[in-house]
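**Student:** One structure is given below, represented as structure tokens, and several questions about it will come after.
2 protein chains.
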Amino acid sequence: MSLISIGTMAFDNVETPFGKAENIIGGACTYISWSASYFTQDLHIVAVVGDDFPQKELDELTARGVNLDGLQIKKGEKSFFWAGKYHSNMNMRDTLDTQLNVLADFHPVLPPDQRNADYVMLGNLTPSVQLEVINQFIERPKLVVLDTMNFWMDTAMDSLKEVLKHVDVITINDEEARQLSGEHSLVKAATVIQKMGPKYLIIKKGEHGAMLISGDEMFIAPGLPLEEVFDPTGAGDTFAGGFIGYLAMTDDISFDNMKRAIIYGSAMASFCVEKFGLEKLKELTMVQIEARAREFKRISDFNLD
Amino acid sequence: MSLISIGTMAFDNVETPFGKAENIIGGACTYISWSASYFTQDLHIVAVVGDDFPQKELDELTARGVNLDGLQIKKGEKSFFWAGKYHSNMNMRDTLDTQLNVLADFHPVLPPDQRNADYVMLGNLTPSVQLEVINQFIERPKLVVLDTMNFWMDTAMDSLKEVLKHVDVITINDEEARQLSGEHSLVKAATVIQKMGPKYLIIKKGEHGAMLISGDEMFIAPGLPLEEVFDPTGAGDTFAGGFIGYLAMTDDISFDNMKRAIIYGSAMASFCVEKFGLEKLKELTMVQIEARAREFKRISDFNLD
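Heads up: the sequence lines are chains R and F, in that order.
In this text, residue positions in the first sequence follow our numbering: the first is 17, and each later residue adds one.
In this text, residue positions in the second sequence follow our numbering: the first is 17, and each later residue adds one.
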């Protein structure tokens, strides 16, 4: 089924305890697309870049089967730029610099033949821009997944709440779930957030895994302990891309299948952090991805009887 | 099989965002014993209290089948006292006061008929005191589990490393595993710690669950999201008590059975935090415990095929 990914495409400077990388390709939409491309080729992106964005990177996406008709390339302008530095525990980072550039006045335009997409991934962006995308669909897509962050809760809560009315799945971390709901208990937070619109809440817990909650149903996926985590940048977007890519491929949004999607998303994210930027995501095979998903099963399986 | 639990029995002052409780009964050995008593009655404690410790509390333990022959009651002295305050996220706490009292000069003495115990739980104590206990066994017990904390790594690392040579299972949290091993990656930390003696490493991650590692084998149990966490005090000890209690009951130290023990330990800990102090641990039934263990299965189960 068709999948549209909306979000940033960017240059990143990343500093971790293991090294520094400058002007590497990043952005939510980029990570989502690379990750999802392992599961579906009916994949379209809606994003904006400046003419400084390397054609080679766009060609690589096209070669992965990604349709770029919805990509705006702004002549004479610069792409979004982000610089961040991770603390030694890798769970926290400081944003050192953000240059919106082309993003400052981004109005996404869906190509006419993409206005009936089945699956939609709204990467982390200004909520009002996410809403602009939603308003362009002819009918409600089968599944809309939204990623957001604490920054929008601090600065644009009303607008975020408006978007949430049109969303099926929200992905946030545990602190953001607490902030959005005003509840400390994640069980209570889930109840509050589901009343805002999304029937499904995914809580991303980094090295501690991920949680899926819908009504009385709950699923907790473990985090896979890794020998090395080189660069956590893009892990959440890669997770989201694997999650929705798997759903689009299987076209099954039952809770049981969403659990599998969480595992494939987690597997993709576990690869992402093993190298800087998109490096690892560009070199995977489905055999590796299947084996990694089975690792999650191996480490979490038990029988009480 | 026989189980000996060594550790503190104490008065606690506890302050959480939900309330305050003063001079309630606490201590590692107390929590371990209450928790383990749901699984085995061949249970013995080695500990010390002052004569201020309520006889009623000791009678309740006896009624649970706990043998108190190894308990020293010091006339005219005061029991160990601890006061702590939890931050709003409940994952961090400040120790406000510690009064060692009888613990300052505690030398545990195992009753002669307990020197061939099968299962031994060394609750968090000065490593040299834990070693005194180990040295009193006639032969090496079937399984020795040790709990410790960052304080002993800061102040008595050499002594702790000496004890670890005689231990089969160590239970610590993720930051302590990093401190003890000098490795950030928990996979690497596990390799280093296993070389220190313990064949099994259990990493307690609080609301994020628990991890068991031995050689190439790994198991991750989820944390059970709760509506309310009233008081995390004693959760780690309760976990340890349920873990070793289940192993002593089943007398099976295979990796598969240790996974089940982790789940029963986690179930006991999830009850512990629902009320202040020992309150919830004193009112459980095996039906409730079984149902809670099955909750862990329900929220973590998935199939890839």
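Think of the CB as a built atom: it goes at the ideal place given N, C-alpha and C, for glycine as much as any other residue.
The structure displayed is predicted, hence computed values, not measured ones.
Assuming the contact rule is C-beta atoms closer than 8 Å, residue 59 of chain R and residue 83 of chain R should be a hit. Round their C-beta distance to whole Å, please.
**Tutor:** That pair is a contact at about 7 Å.
**Student:** Reducing DSSP to helix, strand and coil, say where residue 230 of chain F ends up.
**Tutor:** Three-state result, residue 230 of chain F: strand.
**Student:** Are at least three pairs of beta-carbons, each pair with one atom in the segment 21-31 of chain F and one in the segment 89-109 of chain F, less than 8 Å apart?
**Tutor:** Because the criterion of three Cβ pairs below 8 Å is met, the segment 21-31 of chain F and the segment 89-109 of chain F touch.
**Student:** I need the straight-line Cα distance from residue 174 of chain R to residue 304 of chain R, nearest angstrom please.
**Tutor:** Spanning the two alpha carbons is a distance of roughly 42 Å.
**Student:** Please compile the residues from chain B whose C-beta is within a distance smaller than 8 Å of the C-beta of residue 309 of chain R.
**Tutor:** No chain B appears in the structure shown, which is made up of the protein chains R and F.
**Student:** Does DSSP put residue 21 of chain R in a helix, in a strand, or in coil?
**Tutor:** Residue state, collapsed to three classes: strand.
**Student:** Measure the CB-CB distance between residue 50 of chain R and residue 298 of chain R and report whether it falls below 8 Å.
**Tutor:** The answer is yes: Cβ separation under 8 Å.
**Student:** In the DSSP assignment, find the unbroken alpha helix (DSSP H) run with residue 194 of chain F in it and report its ends.
**Tutor:** Per DSSP, residue 194 of chain F belongs to the alpha helix (DSSP H) from 190-197.
**Student:** Along the chain, where does the beta strand (DSSP E) that runs through residue 266 of chain F open and close?
**Tutor:** Element bounds for residue 266 of chain F: not the beta strand (DSSP E) but the alpha helix (DSSP H), 251-266.
**Student:** Please report the residue range of the alpha helix (DSSP H) in which residue 132 of chain F lies.
**Tutor:** Run containing residue 132 of chain F: none; DSSP gives neither H nor E here.
**Student:** Note down, in chain order, each residue of its chain lying with its Cβ closer than 7 Å to the Cβ of residue 77 of chain F, except the 5 sequence neighbours on either side.
**Tutor:** Around residue 77 of chain F: 49 and 84.
**Student:** Residue 280 of chain R lies in the alpha helix (DSSP H); which residues open and close that run?
**Tutor:** 271-288 is the extent of the alpha helix (DSSP H) around residue 280 of chain R.
**Student:** Would you kindly work out how many angstroms separate the C-alpha atoms of residue 229 of chain F and residue 127 of chain R, rounded to a whole number?
**Tutor:** Using only the alpha carbons, I get a separation of about 51 Å.
**Student:** For residue 216 of chain F, which of helix, strand or coil comes out of DSSP?
**Tutor:** Correct three-state label for residue 216 of chain F: strand.
**Student:** Measure from the alpha carbon of residue 178 of chain F to the alpha carbon of each residue in F/162, F/300, F/251 and F/67, then state which is nearest.
**Tutor:** That would be F/162, whose Cα lies nearest to the Cα of residue 178 of chain F.
**Student:** Considering only residues of the same chain and omitting the five flanking positions on each side of residue 32 of chain R, which have a CB-CB separation below 6 Å?
**Tutor:** Only 102 and 247 meet the Cβ criterion.
**Student:** Less than 8 Å between the CB atoms is what I'm expecting for residue 328 of chain R and residue 180 of chain R, so what's the real figure, rounded?
**Tutor:** Missing from the structure shown is residue 328 of chain R; chain R here goes from 17 to 321 and no further.
**Student:** Using only the alpha-carbon positions, how far apart do residue 291 of chain F and residue 242 of chain F sit?
**Tutor:** Approximately 12 Å, taken between the alpha carbons.
**Student:** If you compare alpha carbons, which of F/147, F/119, F/306 and F/294 is closest to residue 160 of chain F?
**Tutor:** The shortest Cα separation from residue 160 of chain F among F/147, F/119, F/306 and F/294 belongs to F/147.
**Student:** Which first and last residues belong to the alpha helix (DSSP H) in which residue 77 of chain F is found?
**Tutor:** 71-79 is the extent of the alpha helix (DSSP H) around residue 77 of chain F.
**Student:** Please list, in chain order, all residues of the same chain as residue 168 of chain F whose beta carbon is under 6 Å from its beta carbon, the five residues on each side excluded.
**Tutor:** Taken in chain order, the residues that qualify are 143 and 176.
**Student:** Whole angstroms are fine: how far does the CA of residue 100 of chain F sit from the CA of residue 199 of chain F?
**Tutor:** Using only the alpha carbons, I get a separation of about 29 Å.
**Student:** Span of the beta strand (DSSP E) holding residue 109 of chain R?
**Tutor:** Where residue 109 of chain R is concerned, the enclosing beta strand (DSSP E) stretches over 109-115.
**Student:** Is there a Cβ from chain R that is less than 8 Å from the Cβ of residue 203 of chain F?
**Tutor:** With 8 Å as the cut-off, residue 203 of chain F counts as an interface residue toward chain R.
**Student:** Here's the rule: buried if 16 or more other CB atoms are within 10 angstroms of the residue's CB, otherwise exposed. What is residue 131 of chain R?
**Tutor:** Burial call: exposed.
**Student:** Listing by chain order, which chain R residues have their CB less than 9 Å from the CB of residue 316 of chain F?
**Tutor:** Chain R residues near residue 316 of chain F: 235, 236, 237, 238, 316, 317 and 318.
**Student:** From residue 215 of chain R to residue 184 of chain R, what does the alpha carbon distance come to, in whole angstroms?
**Tutor:** Cα-Cα distance, rounded: 5 Å.
**Student:** Find the nearest neighbour of residue 232 of chain R within the set R/295, R/223 and R/217, judged by alpha-carbon distance.
**Tutor:** Nearest C-alpha to residue 232 of chain R: R/217.
**Student:** Could you please give the first and the last residue of the uninterrupted alpha helix (DSSP H) stretch that includes residue 166 of chain R?
**Tutor:** Run containing residue 166 of chain R: 166-171, per the alpha helix (DSSP H) assignment.
**Student:** According to DSSP, is residue 47 of chain R part of a helix, a strand, or is it coil?
**Tutor:** The answer is helix: DSSP assigns residue 47 of chain R an H, G or I state.
**Student:** Please list the terminal residues of the continuous alpha helix (DSSP H) segment that includes residue 148 of chain R.
**Tutor:** Residue 148 of chain R -> alpha helix (DSSP H) spans 143-150.
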